[in-house]
Ligand code: HEM
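Residue numbers (full-length UniProt numbering): 1 to 510.
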C-alpha cells in the first residue's frame, strides 16, 4: 500500500513518505505486560468503551457533589464539567502548537491551532447553553440568586498562562523587528494558501470566540447553596479522567477521548431531564414536562457540536494511527448515549406522549389536529402544542447528531465492507441503518404522520443526492478509496467476527 507519513520521535505524524500508522506492522508486536494488559507500540489497547473513555471516573465526577437529578443546578454543573474537559484539552493543544512554532514546524502548529479552534467553538456552544438555560431559573430562588463563574476554574488560570507562553513564542517568531514586515505582507497579501496566514486567521477567530464563551460562562445564575467551583465541578476527578486518556506517543487520542467524554457528561444530563419529562407527562403537568424537555434540547446543541469538531479536525490517517488502541470499543456500547438517550428514554417518552394524547379515546391524528388548531385560542391546547413541538425538536437534534456522526465512518472507515472494531461487516452501512432505524419507532411515526411531517434522513431521488449517491460519483469513489486504505491498513480487523454486545444494564424505564 502507498503510505504517506510516519511518527516522528515524539510520535507526532510527519509527512515523510512512510506509513502514518505504526499499527500496520504492530499487530505482530502486540505484547502482554505483567498485568495481562494488551499493548502495542503506542501503549495500552483499551478493553472496552467504558475503559477507553474512563466512564467510571466521569460518573464519579457527576456524583461527587450530589444534586437532585435533572435539576436546574445539575444542568449548570454538567455544562461547567464539559467546559473543564474542553479547557484541559486546550492547554495540551496550545502547548503543542507553541512547541511546533518554536521548532519552525508551522504546518504541524496549524493542525493544533485548528483543533484548538474546534474546542473554542465547543466552549462557545456550552456558553450559549449556559446562557439559555438561565431562562429556566427557578422563580422561587430569584431573591436569593447566587452566581457561578468559569473564572474560578484553576484550569482556566493555567490555560491563560499557557496562552501567554504561546504568544511569547509567536511574537518572537513573527513579530520581531526583522519578521514584522513579512507578517504584514502575509496578512495583507496572502490567503489560506499561506499557512502562516491560516494560523493568524484562526487565532483571530479563536480569541473572538473565547471572549464570547468566557462572558457566557461568567456570573451564571445558580440556586443558592452550591459548594466552591472545584467541589461542584469535581475538577480533580475530571483531570484524572483526562490525564489517563493518553498514549506513550503524541497522538490525537486525548482529543478523541475528550470528544466522547463531553457527550457522555451532557447526555447523562439530557437523560435525567427526559426522564423527568416522562414523569411529568404521566402526571399531566405539561408545562413542567415541556420545560424539562427544552433543557434536553438546549444541551443537545453542544452535544452535536462535539461531533462537528471531530468531523472537521480528525483526518483519516490520524484515526488509523490510534485505531488499534481503541480495542473493541464502540459508541454502540455507550450506556448514556446509545442505550439510555437513543433507546430506552426515547421509546418511553414517545409512548408516554401517545398514551397521554389518546387516553380519552379518538385517533392520535384527530387529537393532534384539535391541539394544533386551537393552540392560540385555548391555553391547555397551547401547552400541549408546546410540548409536542419541543419533543419534535429533541428528535430532530438526535437526527442532527446522527447526521454529524455519520461523517466519521464516512471519513475514517469508508465504504465497501470495511469492518468496524467490533467486527460489524460494514461499519458505515451499519451507522446508516442505525440512523434510519431510529425513525421507525411506531409512536414517533404516528406523530410525524399525524402532523404531516417528513420522517426521513435522505431523499433517494432528489436531484443532487441521486448525483452524489451514484455508483461512480466522485463522492462514492472517495469513500470507496477511504475504505480501501482502511482495509489495507487493518487486515486483522477485516478478519474479526462480529462481537455481540448485550448491555448488562437494565432498561431505563421510568
Ligand atoms: C472516528 C470516529 C468514529 C467512528 C469511525 C465511529 C464509527 C461507528 C460505527 C461503525 C458504529 C456502528 C457500531 C459499530 O460497528 O461499532 C458507531 C455507532 C455509534 N457511535 Fe461512533 N464512531 C466514531 C465516533 C463517535 C463519537 C465521537 C461518538 C460519541 C461521542 C460515537 C458514538 C456512537 C454511538 C452512540 C453509536 C450508536 C449509534 C446509534 O445508535 O445510532 N461515535 N460508530
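The beta carbon of each residue, even a glycine, is placed where N, CA and C say it ideally should be.
Next item on the list: Output yes or no for whether 8 Å exceeds the beta carbon distance between residue 61 and residue 241.
Entry: It is a contact, given that the beta carbons lie within the stated cut-off.
Checklist line | Cβ contact (3+ pairs, closer than 8 Å) linking the segment 44 to 58 and the segment 317 to 329 | finding: These segments touch.
Checklist line | Per-residue DSSP class, three states only, for residue 505 | finding: Residue state, collapsed to three classes: coil.
Item checked: Beta bridge counterpart(s) of residue 146 as assigned by DSSP -> As a beta-bridge residue in DSSP terms, residue 146 pairs with 222.
Next item on the list: Leaving aside the five residues before and after residue 113 along the sequence, list all residues of the same chain whose C-beta is less than 7 Å from its C-beta, in chain order.
Entry: The residues are 97, 199, 202, 203.
Item checked: Same chain, Cβ closer than 7 Å to residue 519, five either side skipped, listed in chain order -> Residue coverage of the chain in this structure runs from 1 to 510, which leaves residue 519 outside it and unanswerable.
Next item on the list: Decide if residue 260 is buried, meaning its Cβ has at least 16 other Cβ atoms within 10 Å, or exposed.
Entry: Residue 260 should be labelled buried.
Checklist line | Own chain partners of residue 344 with C-beta closer than 8 Å, once the 5 adjacent residues on each side are dropped | finding: Within the same chain, Cβ atoms closer than 8 Å to the Cβ of residue 344 are found at 507, 508, 509, the five residues on either side in sequence being excluded.
Check: Among 487, 80, 75, 148, which residue has its Cα nearest to the Cα of residue 316?
Finding: The residue with the shortest Cα to Cα distance from residue 316 is 487.
Margin query: For the alpha helix (DSSP H) containing residue 92, name the first residue and the last one.
Written below: Membership of residue 92 in the alpha helix (DSSP H) is indicated by the continuous run 72 to 102.
Note to self: Cutting at 7 Å between CB atoms, please list the residues of its own chain near residue 493, excluding the five before and the five after it.
What the structure shows: The answer, listed in chain order, is 419, 421.
Check: Are the CB atoms of residue 263 and residue 129 nearer to each other than 8 Å?
Finding: Cβ distance not < 8 Å, so residue 263 and residue 129 don't count as in contact.
Check: Relative to the alpha-carbon of residue 351, which residue among 281, 370, 361 has its alpha-carbon at the smallest distance?
Finding: Restricting attention to 281, 370, 361, the CA atom closest to the CA of residue 351 is found in 281.
Next item on the list: Helix, strand or coil for residue 10, going by three-state DSSP, please let me know.
Entry: The predicted position of residue 10 is uncertain, since its pLDDT is 28 and thus under 50; no value can be drawn from it.
Note to self: Under 7 Å: does the beta carbon of residue 413 sit that close to some heavy atom of the ligand HEM?
What the structure shows: Annotation for residue 413 indicates a beta carbon within 7 Å of some heavy atom of the ligand HEM.
Check: Is any heavy atom of the ligand HEM found at a distance shorter than 7 Å from the C-beta of residue 342?
Finding: Checking the 7 Å criterion, the Cβ of residue 342 is within range of a heavy atom belonging to the ligand HEM.
Check: From residue 447 to residue 364, what distance separates their C-alpha atoms?
Finding: One C-alpha to the other measures close to 8 Å.
Notebook entry, point to check: Where does residue 458 land, buried or exposed, given buried means 16+ other C-beta within 10 angstroms?
Noted result: It counts as exposed.
Margin query: How far does the alpha helix (DSSP H) with residue 234 in it extend, from its first residue to its last?
Written below: Counting along the chain, residue 234 falls outside any alpha helix (DSSP H), and DSSP gives it neither H nor E.
Checklist line | Coil, strand or helix - residue 484 by DSSP | finding: DSSP places residue 484 in helix when its eight states are reduced to three.
Margin query: If you measure between the beta carbons of residue 511 and residue 439, is that distance less than 8 Å?
Written below: The question about residue 511 has no answer, for the chain in this structure spans 1 to 510.
Notebook entry, point to check: Is the beta carbon of residue 66 within less than 7 Å of some heavy atom of the ligand HEM?
Noted result: Proximity of the beta carbon of residue 66 to the ligand HEM is not indicated: no heavy atom of the ligand is located closer than 7 Å.
Next item on the list: Verify whether the separation of the beta carbon atoms of residue 423 and residue 483 is less than 8 Å.
Entry: Going by C-beta atoms, residue 423 is not nearer than 8 Å to residue 483.
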